[in-house]
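In this note's numbering, the protein residues as written are 15 to 271.
Okay, structure first, notes after.
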Amino acid sequence: MKEYDNYLTSKTSIVSSNRVLYTPSSFARSSLLHLQECGSLTALKPHTSSREKLSSYLFFTVVSGEGSLAYGGREYKLKPGFCVFIDCRNPYSHSTEKHLWTISWCHFNGPAMGRVYDKYVERGGRPTFIPDSTDPFISTLADLLSTARSSDYMRDMLINEQLSSLIRHIMTYSWHPEDKKAAPKRTSVFEVKEYLDQHYAEKIVLDELSSRFFIDKYYLAKTFKSQFGLSISTYIQSRRITKANNFSDFQRKPWKK
15 MKEYDNYLTS KTSIVSSNRV LYTPSSFARS SLLHLQECGS LTALKPHTSS
65 REKLSSYLFF TVVSGEGSLA YGGREYKLKP GFCVFIDCRN PYSHSTEKHL
115 WTISWCHFNG PAMGRVYDKY VERGGRPTFI PDSTDPFIST LADLLSTARS
165 SDYMRDMLIN EQLSSLIRHI MTYSWHPEDK KAAPKRTSVF EVKEYLDQHY
215 AEKIVLDELS SRFFIDKYYL AKTFKSQFGL SISTYIQSRR ITKANNFSDF
265 QRKPWKK
């Protein structure tokens with residue numbers, strides 16, 4: 015295994031998998047569509063996997079076997095040829111039982127992915143869909159896996175291009191006028207600032223803000239600094255200093271009888 019890879023071929027009592035845990039550069043995290051994990055797995059026993067509050071978007075396709083997805087208060091039955099595209103900040107679980115499945119997947123994110131997913135939902139995009147063919151999706155997932163394992167100095171740019179291709183394929187199947195709905199209102203950085211003004215004395219970390227306001231943390235950090243001229247941590251520190259100075263001035267102020 016090369017040091018730049020985290021390529022895992024594993025077999026447990028539950029699944030056999032080939033996957034890459036990818037660490038994008040700081041530039042890729044703040045500016046590009048970036049990969050977090052991709053691979054394929056074959057279930058060896060019935061099992062359920064449940065997650066929530068992940069700053070990630072998940073796409074997977076069922077290669078063989080059957081399973082189900084629980085998402086948004088509904089359960090979706092999945093068979094070969096089905097695809098899944100969901101926002102992992104929301105609770106979800108997927109499971110396979112009698113007909114054990116093989117799936118190929120990727121977890122990814124990007125500074126604009128929240129708005130991209132909103133557009134997907136606005137157009138009527140569903141958590142699951144059946145494309146005319148899964149070949150373009152499986153091919154793109156294979157390209158992502160190959161690129162993530164490579165030593166190409168352009169890896170992050172290539173991955174950005176491949177994820178853009180994946181999203182383009184997904185968006186092809188997003189148009190369902192009967193399901194069309196208004197995109198959820200996105201939290202503005204002004205609401206985040208108001209929260210900081212009220213809670214600056216508490217311990218606050220970027221991951222917590224991202225989960226609380228449903229904003230990608232890299233997009234939040236970049237937008238906050240652009241809007242207010244200070245990073246979030248610097249803004250919190252300045253509020254604390256201002257409060258301390260005001261308190262000190264109050265203590266020194268003479269009392270009037």
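In this text, a Cβ means the ideal position worked out from N, Cα and C, and glycines have one as well.
Nothing here was measured: the structure is a model prediction, and the numbers come from that model.
Residue i to residue j span [Cα, whole Å]
i, j, result
"His-121", "Cys-52", "6 Å"
"Ala-126", "Val-203", "15 Å"
"Pro-105", "Gly-138", "20 Å"
"Ser-82", "Asn-32", "21 Å"
"Asp-211", "Arg-254", "10 Å"
"Arg-14", "His-183", "Nothing about residue 14 can be read from this structure; the chain reaches only from 15 to 271."
"Asp-226", "Val-219", "Looking at the sequence shown, residue 226 is not Asp but Arg. If you take the alpha carbons of Arg-226 and Val-219, they lie about 11 Å apart."
"Ser-27", "Leu-58", "7 Å"
"Arg-103", "Ala-258", "36 Å"
"Lys-91", "Ser-247", "45 Å"
"Phe-99", "Thr-62", "18 Å"
"Ala-196", "Arg-140", "Note that Ala-196 has pLDDT 49, beneath the 50 cutoff, so the model's placement of it is unreliable and no number is given."
"Arg-3", "Ser-30", "Lying outside 15 to 271, the shown extent of the chain, residue 3 is not represented and no answer is given."
"Trp-119", "Gly-243", "39 Å"
"Leu-35", "Leu-55", "14 Å"
Sequence-distant residues of the same chain with beta carbon closer than 8 Å to residue i, five excluded per side
i, result
"Lys-112", "Pro-60, Glu-80"
"Ile-250", "Leu-210, Tyr-214, Ile-218"
"Arg-169", "Thr-161, Ala-162"
Bridge partner(s) assigned by DSSP for residue i
i, result
"Phe-96", "According to DSSP, Phe-96 bridges with nothing at all."
"Ile-117", "Leu-55, Val-76"
"Tyr-85", "Arg-88, Tyr-106"
"Leu-142", "As written in the sequence, residue 142 is Thr, which differs from the Leu given in the question. Answer is Val-98."
"Thr-62", "Ser-109"
For residue i, the nearest candidate out of the options (CA to CA)
i, options, result
"Phe-74", "Leu-172, Lys-231, Leu-155, Lys-236", "Leu-155"
"Leu-72", "His-48, Trp-189, Lys-93", "His-48"
"Ser-107", "Gly-128, Tyr-134, Asp-157, Gly-87", "Gly-87"
"Phe-151", "Ile-117, Asp-170, Met-168, Ser-165", "Ile-117"
"Tyr-85", "Asp-101, Cys-97, Val-76", "Asp-101"
"Ser-40", "Phe-242, Lys-236, Thr-256", "Lys-236"
"Asp-149", "Asn-174, Gly-128, Ser-30, Cys-97", "Cys-97"
Own chain partners of residue i with C-beta closer than 7 Å, once the 5 adjacent residues on each side are dropped
i, result
"Trp-189", "Arg-137, Gly-138"
"Pro-198", "Its pLDDT being 47, under 50, Pro-198 is placed unreliably by the model, and the measurement read from it follows with that caveat. If we look at Pro-198 and ignore the five residues flanking it on each side, its Cβ neighbours are Asp-132."
"Gln-176", "Thr-154, Asp-157, Leu-158, Thr-161"
Close beta carbons around residue i, own chain, < 6 Å, minus the five adjacent residues each side
i, result
"Tyr-134", "Ser-188"
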